[in-house]
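Using this note's numbering, you'd call the opening residue of the sequence shown number 5 and step up by one each time.
The beta-carbon is built from N, C-alpha and C at its ideal position, and this holds for glycine as well.
Being a predicted model, the structure only gives us computed values, none of them experimental.
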Amino acid sequence: MLQLRPLDPSFPIERQLATDAAPAVLVNLFTLAVDDEPKFLDAWRNDAAFMKQQPGFISAQLHRALGENATYLNYAVWESTAHFRAAFSHPAFRSSLAAYPSSVCASPHLFRKAGVEGICDA
């Protein structure tokens with residue numbers, strides 16, 4: 005089963021789930037042993053297929069870091085934190101975490117768009 009390590013220890017995913025934002029962007033950084041990549045990808049594929057069927061899911065994209073180490077970044081967009089909270093808390097999803105190899109460390113964090121004048125809109 006994977007380990008959870010917050011990106012911001014003072015505001016872990018459990019606290020983020022209690023906030024209201026729409027839309028919400030999940031960024032999840034995964035580190036793992038290179039030998040575990042095939043099992044990781046199978047587990048992630050199954051979780052992504054489940055999430056794709058959940059209300060409020062918009063999109064997801066998995067990225068592999070350049071280099072020899074097995075580091076992945078998942079970027080998923082949800083209609084709201086409420087939708088993500090329902091999917092993340094679903095018993096079927098929670099039980100699926102046991103399929104990840106023990107070397108996998110996940111650092112999920114929710115974000116909202118930020119506006120920067122002249123560059124991007126919130």
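| Check | Outcome |
| --- | --- |
| Give the straight-line distance between the Cα atoms of Arg-19 and Val-31, rounded to the nearest whole angstrom. | 15 Å |
| Based on the DSSP output, what are the partners of His-94 in its beta bridges? | His-94 is not bridged to any residue. |
| Shorter than 7 Å, the distance from the beta carbon of Val-108 to the closest heavy atom of the ligand PLP, or not? | Inclusion of the ligand PLP in the displayed structure is not the case, the ligand content being empty and no account of it being possible. |
| CA-CA distance, Gln-65 and Ser-100? | 19 Å |
| Ser-84 and Pro-27 - do their beta-carbons sit closer together than 8 Å? | yes |
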